[in-house]
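In the working numbering, the protein residues as written are 89 to 613. No residue lacks a Cβ here, since even glycine has one placed at the ideal position from N, Cα and C.
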Amino acid sequence: MASLIRVLDGNAERYASRPACIVGTESLSYAELRDASCRFASSLLDLGLQPGDRVSLYLPNSVSYIICYLGAMRAGLIANPINSVFTPHEVEYLLTDSAAAAVISTPELLGGLADVLPRTAVRAVICAGDAAGQPGADGWHAVAEMLAAEPAPLPYPDDQATACLPYSSGTTGRSKGILHSHHSLAMQALLSANHLQMRPGDVLAQALPLVHLYPGNIIMGGLLVAGATMAVQPVFDPPGFASLLAGLQATSCAGVPTTYAMLCQLDEKFVASLDLSALQIAFSAGAPLPSRVRSEFQRLFGCRILDCYGITEAAGNLTATLRFGDSPELSCGVPYPFTEVRIVDAHDAEVPDGAVGELIARGPQIMSGYWNRPADTEITLRGGWLHTGDLARRDASGFFYIVDRAKDVIITGGYNVYPAEVEEVLQSHPDVALCASFGVPDQVKGEKPWAAIVPRAGAQLDEAALEKYCRQYLAPYKVPRRFLLVDALPRSPVGKILRRELRAQFGAGAEAAQAPLPSATAGSP
Numbered sequence: 089m090a091s092l093i094r095v096l097d098g099n100a101e102r103y104a105s106r107p108a109c110i111v112g113t114e115s116l117s118y119a120e121l122r123d124a125s126c127r128f129a130s131s132l133l134d135l136g137l138q139p140g141d142r143v144s145l146y147l148p149n150s151v152s153y154i155i156c157y158l159g160a161m162r163a164g165l166i167a168n169p170i171n172s173v174f175t176p177h178e179v180e181y182l183l184t185d186s187a188a189a190a191v192i193s194t195p196e197l198l199g200g201l202a203d204v205l206p207r208t209a210v211r212a213v214i215c216a217g218d219a220a221g222q223p224g225a226d227g228w229h230a231v232a233e234m235l236a237a238e239p240a241p242l243p244y245p246d247d248q249a250t251a252c253l254p255y256s257s258g259t260t261g262r263s264k265g266i267l268h269s270h271h272s273l274a275m276q277a278l279l280s281a282n283h284l285q286m287r288p289g290d291v292l293a294q295a296l297p298l299v300h301l302y303p304g305n306i307i308m309g310g311l312l313v314a315g316a317t318m319a320v321q322p323v324f325d326p327p328g329f330a331s332l333l334a335g336l337q338a339t340s341c342a343g344v345p346t347t348y349a350m351l352c353q354l355d356e357k358f359v360a361s362l363d364l365s366a367l368q369i370a371f372s373a374g375a376p377l378p379s380r381v382r383s384e385f386q387r388l389f390g391c392r393i394l395d396c397y398g399i400t401e402a403a404g405n406l407t408a409t410l411r412f413g414d415s416p417e418l419s420c421g422v423p424y425p426f427t428e429v430r431i432v433d434a435h436d437a438e439v440p441d442g443a444v445g446e447l448i449a450r451g452p453q454i455m456s457g458y459w460n461r462p463a464d465t466e467i468t469l470r471g472g473w474l475h476t477g478d479l480a481r482r483d484a485s486g487f488f489y490i491v492d493r494a495k496d497v498i499i500t501g502g503y504n505v506y507p508a509e510v511e512e513v514l515q516s517h518p519d520v521a522l523c524a525s526f527g528v529p530d531q532v533k534g535e536k537p538w539a540a541i542v543p544r545a546g547a548q549l550d551e552a553a554l555e556k557y558c559r560q561y562l563a564p565y566k567v568p569r570r571f572l573l574v575d576a577l578p579r580s581p582v583g584k585i586l587r588r589e590l591r592a593q594f595g596a597g598a599e600a601a602q603a604p605l606p607s608a609t610a611g612s613p
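Written as structure tokens, this is what we have:
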């Protein structure tokens, strides 16, 4: 087993009629998913796309996304997942940097790209949905028609060929493409199924965007390996999600800390009325899970939460706590099988247990490198080890603990917000002289982005206008929740803006000023 396509084909024979995925009211069995991905792969190549071409998937959670993702990889193309909440400004950078040859999206989202696409290398536009009335739709290809075509026999892509190009960010904040082979994706899925103890017949529910490798590879890939079923709520709604767990008799669920914080706000009588007897385990990743949320969720829903730690460069997880057996509070667990994890100092020398250093790792799930960035690849993979940039420690029993994020990334509701990206947008405002983006504590989201701004002399700025400006260029979760107008920003002796001082200055006040946790409502986890 060295690719998710081989995994799918094998389980389509073993578990032909078993549901592979359920998204809203749509579902596909293992055999149906295999057949649909074969048809779509053949149709992609019929459009003139060549193995190695990038295909951008700008889609919300849907059965179409799963088919297109697996179909692109089956065709030997490189899947480039893009979050459906990204603005056209953000999407243009990803399409341009990846030199995408095709983009797949909904009619509404494609309509928003009308001005963007002519400036990119995209030569095939594929629509998942009814394109009637959309400008430019005459030249689009329809997913439905592509799935009606007869498939041609296709050889399996080479295991070491690039299969997926998700985007993350480095220390500069510039978004970077991460090269994952069929082998690295499949190994992450295999190791996840093993360590998280996924089993044939399991039903896992989640509501996270499948474009991210936690839900889209750790969970979806792991379940494909296990021969289990993934149920996806298209948009997170806490009461509906709890009802989904009961209705499907889900054996497990996956989320980020915000998912569980919002589920904990549900009415206790409502939760008690649900049959959650099948629920055995919940998986949490994306940020540390607050102890209060953990204990409250376990009390309400009657199952343990297992913590995971990983990064996109590892196709998902590097460590996780134990499904059976005790793990220390606040630990992110022990390394996955066949995965080595060390804590090192600035010279890459291993530090003693209990000492804080950078977490580095190596294993079969690690990326091949960064897309068109050899210097960044050499730095990050120096010595054959993935340098995560995260500060951590290890205890004498071999459990790891994340201490801090060296890259200043703000993690809000499981999403990464990179300060440099926010600052680039703010700095383009004509009335902004200097700015810095940073995270402050939030009881539900974990953190929320704020921005400190030094206005240009004589400029009149207000929060509402700055928020409106940011929303033109940034996804909603990246937009700062507060804009603080200041006379100066704290700097180091060499002139570097010190975000940690901004967090220290404003973070405590933000935490103290928070109202009680809000009632659970529909929205993104």
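Check whether the Cβ atoms of residue i and residue j sit closer than 9 Å, and answer yes or no.
i, j, result
"C391", "L364", "yes"
"L301", "Q276", "yes"
"A274", "D246", "no"
"S379", "L418", "yes"
"A293", "L332", "yes"
"G49", "D436", "Given that the chain is displayed from residue 89 to residue 613, the structure contains no residue 49 and the question cannot be resolved."
"A160", "V179", "no"
"A190", "I214", "yes"
"A569", "F526", "The question names Ala, yet the displayed sequence has Arg at residue 569. No, the Cβ-Cβ distance between R569 and F526 is not below 9 Å."
"S280", "G310", "yes"
"E535", "I499", "yes"
"D226", "A188", "no"
"F128", "R162", "yes"
With respect to the alpha helix (DSSP H) encompassing residue i, which residues constitute its N-terminal and C-terminal limits?
i, result
"E114", "Premise fails: E114 lies in the beta strand (DSSP E), E114 to S117, not in any alpha helix (DSSP H)."
"Y181", "P176 to S186"
"Y557", "E551 to R559"
"T465", "P462 to T468"
"D97", "L92 to R102"
"T347", "P345 to L351"
Pick out whichever of the options has its Cα sitting closest to the Cα of residue i.
i, options, result
"P327", "K357, Y302 and V299", "K357"
"P345", "V323, C252, A373 and Q548", "A373"
"R450", "V532, S272, G304 and S115", "S272"
"S456", "T427, L406 and A402", "A402"
"P529", "P518, P376 and M308", "P376"
"W473", "V505, E512, T427 and V444", "T427"
"P243", "L394, A434 and P139", "P139"
"Q222", "P107, T194, I110 and C126", "T194"
Determine, for residue i, whether the minimum Cβ-Cβ distance to residues of chain D falls below 9 Å.
i, result
"A90", "No chain D appears in this structure, which consists of one protein chain only."
Can you look up residue i in the DSSP assignment and give me helix, strand or coil?
i, result
"V439", "coil"
"H300", "coil"
"R122", "helix"
"N282", "helix"
"A480", "strand"
"E428", "strand"
"R579", "strand"
"A220", "coil"
"F412", "coil"
"S105", "coil"
Starting from residue i, follow the beta strand (DSSP E) in both directions and report where the run begins and ends.
i, result
"I155", "Run containing I155: none in the beta strand (DSSP E); it sits in the alpha helix (DSSP H), V151 to R162."
"F329", "F329 -> not in any beta strand (DSSP E); alpha helix (DSSP H) instead, spanning P326 to G335."
"R79", "With the chain represented from 89 up to 613, any question about residue 79 goes unanswered, as that position is not in the structure."
"Y503", "Y503 to V505"
"T407", "G404 to A408"
"A251", "T250 to C252"
By Cβ distance below 7 Å, which residues in the same chain neighbour residue i in space, the five residues on each side in sequence not counted?
i, result
"R461", "K264"
"V381", "P345, Y348, A349 and C352"
"L577", "L522, A524, A540, V542 and I585"
"D97", "R122"
"L406", "Y397, G398, P423, Y424, T427, V429 and A449"
"R591", "F526, G527 and V528"
"G595", "V528 and P529"
Below 8 Å CB to CB, which residues in the same chain sit around residue i once its five sequence neighbours on both sides are set aside?
i, result
"T260", "With a pLDDT of 47 at T260, under the threshold of 50, the modelled position of this residue cannot be trusted; read the value that follows with caution. The residues are A508."
Using 8 Å as the cut-off, classify the Cβ of residue i as near or not near the heavy atoms of the ligand MG, replying yes or no.
i, result
"G374", "The ligand content of the structure shown is nil, which means the ligand MG is not present either."
Can you give me the Cβ contacts of residue i inside the same chain, cut-off strictly under 6 Å, excluding the 5 residues immediately before and after it?
i, result
"Y458", "K264, D464 and T465"
"A316", "M286 and D290"
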